[in-house]
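Residue numbering for the sequence shown follows this note's numbering, beginning at 32 and increasing consecutively.
Here the structure comes first, spelled out in structure tokens, and everything after it is commentary.
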Amino acid sequence: MRVLLVEDERALAGYVKKGLEENGWAVDAVEDGRSALDWVGTVDYDVMILDLMLPQIGGLEVCRRLRQRGLTTPVLMLTARDALKDRVSGLDAGADDYLPKPFEFEELLARLRALTRRRNGVTKTGVLTVADLSLDPAAHRVRRAGLEIDLPYKEFSILELLLSQPGRVFSRSQIADHVWDMETLHQSNVVDVHIRNLRRLIGDGRGQTLIETVRGVGYRVQAPGGRS
């Protein structure tokens, strides 16, 4: 596994780099956001460790630019700021998980393994289809009625989960766990916000409605005519 470590605290960067290399990871380390964007454009990383507070370009902006480029490399964000609003901001920018400082190395390693397992699992799945909506996880492509739809990273991940088991109701907590791995998000409305955006982007409301709200439970995708 190859990881890009973006951390300007040299002592912490050295500690993390040494630990990862001792566990068989190949590590490239940079100290600022601009260098991170340069490196990630030339190397195919399995995962990125990204500090929130960076020189030149901050971690949030780095993450946004990565997702705007269409890169789906999992991002674990590190920060000394542990408020819920800071976590939500990082995750909305495109991060996949969030680890507050200080942390134990074993937890960092476990989170990285979880992120890479999820990414490797996605590339092995086939095209998911319900009615006129299809999602190709490997190509990161969504189509509806033959037209390609450009979805942000989080909306794509939510739709992938819902399409994986049509008709099954996923709770907000299950969706948050799949997309963010953050228990604290269960207390916010971030899932609802992304569901609303997803519905708008795939055209629910203009044609057949595929994403249903199950009041008091969560959400599901179900083809018209398949509803109970």
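For every residue, glycine included, the Cβ atom is placed at its ideal position computed from N, Cα and C.
For Phe201, DSSP records a beta bridge to Tyr250. Counting along the chain, Asp69 sits inside the alpha helix (DSSP H) bounded by residues Gly64 to Val71. If you ignore the 5 residues before and after Gly64, its C-beta comes within less than 8 Å of the C-beta of Val37, Leu85, Pro86, Gln87, Ile88, Gly89, Gly90, Glu92 and Val93, all in its own chain and listed in chain order. Collapsing the DSSP output to three states places Asp77 in coil.
In this chain, Leu115 is not harboured by any beta strand (DSSP E); it is covered by the alpha helix (DSSP H) spanning Leu115 to Asp123. For Thr244, the CB contacts under 7 Å within the same chain, skipping 5 residues up- and downstream, are Tyr250 in chain order. DSSP places Arg237 in no alpha helix (DSSP H); its state is neither H nor E. In the structure shown, the three-state DSSP call for Arg100 is coil. Going by DSSP, Ala44 is part of the alpha helix (DSSP H) stretching over Arg41 to Glu53. In the same chain as Pro197, and ignoring 5 residues on each side of it, the C-beta atoms closer than 8 Å to its own belong to Val161, Arg251, Val252, Gln253, Ala254 and Gly257, in chain order. Ranked by how close their Cα comes to the Cα of Gly55, the residues Leu241, Leu143 and Phe187 have Leu143 in first place.
Here Ile233 is not near Leu193, since their CB atoms are 8 Å or more apart. When the Cα atoms are used, Gln205 and Ile189 turn out to be separated by approximately 10 Å. Minimum Cα-Cα distance from Glu52 among the listed residues Tyr129, Ile226, Leu140 and Arg118 corresponds to Leu140.
The alpha-carbon separation between Val47 and Phe136 amounts to approximately 7 Å. The residues Leu35, Met79, Leu97, Leu102 and Thr104, in chain order, have a CB closer than 8 Å to that of Val71 in the same chain once the five nearest residues on each side in sequence are set aside. The beta carbon of Val222 lies closer than 6 Å to those of Arg203, Ile206 and Ala207 in the same chain, with the five residues before and after it left out. Per DSSP, the beta bridge partners of Val173 are Leu166 and Ile180.
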